[in-house]
Amino acid sequence: MLSVRVVEMVVRWVGGRDNAGMDLMGLAGVMKRIGIMGCGVVARRGHLPALMQCGDQLQVAAVFDPVRTNAEAAAAEFGVKRVCTDEADFWQTDMDGVSVCSPAPVHLQNVVAAAAHGKHVLCEKPLAMTDADIEAMIAATTKAGVLLATGFDYRFSPISQTIYRLVRDGTIGTVRSLRLIYVWHLHGKYAVAPDGTRTLNQRRVGRMLEGGPMVDCGVHQIDLARWWVGSEVASFIGRGAWVEDYEAPDHMWLHMDHANGAHTAVEISYTYGHTVKEPVPVFQYHIIGTDGLIRYDSQAKYFEVRTPAGTQQLPFAHEKNFVAMYQRFARAMATGELGDLPSAQDGLMATRIAREATNQAIAHRAGLIQKGA
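For the sequence shown, the residue numbers in the working numbering are 30 to 402.
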């Protein structure tokens, strides 16, 4: 029956094993050393806390940030002994790979340098600012014989893994439609000092200047859609709304037609409650098949599959999983193969779609303004 089969599958995943019983928690007795490039909010809230939970597989050998206060604060918080503010000094560290957590405009520089020093790379999304930059990263790492993985940590959540297996098993028939929604405030328009002084939230400003929400976060949803459906995107269209006056839209919709006939709709926003006292973010997955439906809501905390046999409530988990991503990276460095880590090509495809869709939205707005002039 549905309930027994689905629950057994989820238990296998949560327990660290896939359907074949393969250990997903890394290679026993293998320790790899990793360096962190960039010690800002992304590294300190996501990457470094996860790495502290991978102590039997990964050791943080050094942290690097050209801003000394960032590097020293990260090292002090997470007990990293080697602190580097000079990149040449960082490359003297004994390490097997690096995690690039720096701002997107310097990803190319960081990845090419890592390749030149023979280090495997896990790079945050978006991989780079242009397709040409990503292709240069791929060329550099390929020539050096090192791995380049994209940091799409959403793939490794028990939620995403379970959806992948349900789709592959045909539990809801053939997937025909996906609705992937992530609308939130990106920590608000303003940063408030202890004395009550308000200044613009610079993290938010940076994300908007680097391309906006579809490029910064929507790449996760694009990647999940390609991975879950198992079919490339044949065509797409992007439209946006401007609550604020950046070049990129701060609220955006993306419609993608897959080669197999499935359709994905992505909605993403950085201005959903960005000025309110009590913001209410929305994060949902809806996967609609010919014989059922999968629903997930991160805020309402439900995860379920509905089929003609009935409705099964599945174990809830959060949408991200940095720990499992790093466990895969440890394995990849030990084996020399990416395994199920998202490749640089996956990163290129997601970033290309996100940027081109954003540009479509910008051009469409300009055309409307011109017509109304």
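Cβ atoms here follow ideal geometry from the backbone N, Cα and C, with glycine treated the same way.
Please read all numbers here as calculations on a predicted model, not as lab measurements.
Among the options, whose alpha-carbon lies nearest the alpha-carbon of residue i?
i: residue 81; options: 355, 157 and 366; result: 355
i: residue 215; options: 71, 63 and 397; result: 71
i: residue 282; options: 244, 335 and 307; result: 244
i: residue 288; options: 210, 205 and 168; result: 205
i: residue 325; options: 307, 344 and 318; result: 344
i: residue 147; options: 202, 276 and 173; result: 173
i: residue 397; options: 129, 103, 357 and 269; result: 269
i: residue 246; options: 229, 142 and 210; result: 210
i: residue 213; options: 161, 241, 207 and 170; result: 241
i: residue 186; options: 249, 159 and 157; result: 249
i: residue 141; options: 132, 168, 131 and 115; result: 168
i: residue 374; options: 88, 74, 67 and 164; result: 164
i: residue 424; options: 137, 307 and 171; result: The requested residue 424 does not occur in the structure, where the chain is confined to residues 30 to 402.
i: residue 299; options: 335, 285, 236 and 276; result: 236
i: residue 217; options: 303, 365 and 285; result: 303
i: residue 368; options: 266, 388, 176 and 305; result: 176
i: residue 194; options: 323, 77, 393 and 145; result: 323
For the beta strand (DSSP E) that contains residue i, what are its first and last residues?
i: residue 238; result: Element bounds for residue 238: not the beta strand (DSSP E) but the alpha helix (DSSP H), 231 to 238.
i: residue 345; result: First-last for residue 345: undefined, no H or E at that position.
i: residue 286; result: 280 to 287
i: residue 300; result: No beta strand (DSSP E) holds residue 300; DSSP gives it neither H nor E.
i: residue 151; result: 149 to 152
i: residue 270; result: 262 to 270
i: residue 24; result: With the chain covering 30 to 402 only, the question about residue 24 has no answer from this structure.
Span of the alpha helix (DSSP H) holding residue i?
i: residue 172; result: 160 to 173
i: residue 326; result: No alpha helix (DSSP H) holds residue 326; the beta strand (DSSP E) holding it covers 321 to 326.
i: residue 355; result: 351 to 364
i: residue 276; result: Looking at the DSSP string, residue 276 is not in any alpha helix (DSSP H), and its letter there is neither H nor E.
i: residue 467; result: Because the chain spans 30 through 402 in this model, residue 467 falls outside it and cannot be assessed.
i: residue 118; result: 116 to 119
When DSSP builds the beta bridges, which residues end up paired with residue i?
i: residue 382; result: Answer is none; residue 382 lacks a bridge partner.
i: residue 313; result: 210 and 326
i: residue 248; result: According to DSSP, which records beta bridges pairwise, residue 248 is partnered with nothing at all.
i: residue 339; result: 336
i: residue 368; result: DSSP, once it has assigned bridges, lists no residue as partnering residue 368.
i: residue 3; result: This structure cannot speak to residue 3, because the chain is shown only from 30 to 402.
i: residue 228; result: 220
i: residue 318; result: 204 and 321
Tell me whether residue i, by its Cβ, gets closer than 8 Å to a heavy atom of the ligand MN.
i: residue 144; result: Ligands in the displayed structure: none, and consequently the ligand MN is not present.
Taking only beta-carbon positions, decide if residue i is within less than 9 Å of chain D.
i: residue 241; result: Reference to chain D is not applicable here, since this structure consists of a single protein chain.
>> I'd like to know if the region 312 to 324 and the region 148 to 159 are in contact, where contact means that at least 3 CB-CB pairs between them fall below 8 Å.
In response: Three or more beta-carbon pairs separated by less than 8 Å are not found between the region 312 to 324 and the region 148 to 159, which leaves the two stretches without contact.
> Within the chosen definition, does the region 352 to 366 reach the region 182 to 189 through at least 3 CB pairs nearer than 8 Å?
Replying inline: yes
> At a cut of 8 Å, does the region 381 to 388 reach the region 222 to 230 through at least three beta carbon pairs?
Replying inline: Counting Cβ pairs under 8 Å, fewer than three are found: no touch.
> Which residue spans inside the region 174 to 224 form an unbroken alpha helix (DSSP H) run of at least 4?
Replying inline: 187 to 197
> What alpha helix (DSSP H) runs, 4 residues minimum, are completely inside the region 49 to 111?
Replying inline: Complete alpha helix (DSSP H) runs here, min 4: 77 to 80 and 97 to 107.
> Three or more C-beta pairs closer than 8 Å, one from the region 112 to 121 and one from the region 75 to 95: is that the case here?
Replying inline: yes
> Is the region 248 to 255 touching the region 333 to 347 in the sense that three or more CB pairs, one from each, lie closer than 8 Å?
Replying inline: The region 333 to 347, when compared against the region 248 to 255, does not touch it at the 8 Å Cβ threshold.
> Given 8 Å as the limit, is there contact between the region 356 to 370 and the region 58 to 70, that is, 3 or more CB pairs closer than that?
Replying inline: The region 356 to 370 vs the region 58 to 70: in contact.
> Are there three or more Cβ pairs, one per stretch, closer than 8 Å when the region 99 to 110 is compared with the region 125 to 137?
Replying inline: no
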